[in-house]
Amino acid sequence: MAEIILREKIRQQKLNISVSSAGTIKMKGKTTPDEKALQALQSQGYCLAVSQVRQITQQDFLDYDLIYAMDKTNLADLIDLCPLSCRSKLGLFLSYAATTEKEVPDPYQRSMTVFHQTAALIEAGAQALIEYWGKNGMATSKNAITNQESMA
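For the sequence shown, this note's numbering gives the first residue as 1, with consecutive numbering after it.
Structure, rendered in structure tokens:
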């Protein structure tokens, strides 16, 4: 969900930022995002350019300038996987969002209402990241990767 939302926000702002999504665990036999996630995004008008479900790789830590985890558990997993020299690239997706939530809960196997709530949190986080990047001169050269445990 985060990849699709963030890509759309970046497109709307005409920014030159590359985004990908990867999980910390591999989902056996799963190659596309959760159907409920796609339905929630489509109902909110997002273009569903198909993203592939994949697991984060060591190369991602080198290739991407910023890597955001959806929650503290995944951030801890990323810290464990990440080379020491790349740890400054890691952060929480909602770090700059003006929300009471600081973590995006995993909606996997939950109701459509939860998927819609998750999309709203991700929208707030994506907008906050774009504003932060813009204020800090980072809006034209950064590659970002979002991370979700279930890769929903």
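Every residue, glycine too, gets a C-beta built ideally from N, C-alpha and C.
Item checked: As assigned by DSSP and simplified to three states, the class of L66 -> If DSSP states are grouped into helix, strand and coil, L66 belongs with the strands.
Note to self: Please tell me whether L90 and I67 are closer than 7 Å, where the distance is taken between their beta carbons.
What the structure shows: yes
Next item on the list: Go ahead and pull the three-state DSSP assignment for S95.
Entry: coil
Notebook entry, point to check: I think K9 touches Q127, with their Cβ atoms under 8 Å apart; what is that distance to the nearest whole Å?
Noted result: 6 Å
Margin query: Do L48 and L38 have their beta-carbon atoms positioned less than 7 Å apart in this structure?
Written below: Cβ distance < 7 Å, so L38 and L48 count as in contact.
Margin query: Does A124 come out as helix, strand or coil in the three-state DSSP assignment?
Written below: helix
Item checked: Counterpart residues of Q55 in DSSP-defined beta bridges -> G23
Check: Hey, would you say M138 sits closer than 7 Å to V104, going by beta carbons?
Finding: no
Note to self: Tell me the DSSP secondary structure of L90 in three-state form.
What the structure shows: strand
Checklist line | Presumed contact (8 Å Cβ cut-off) between K36 and M112, rounded CB distance | finding: 6 Å
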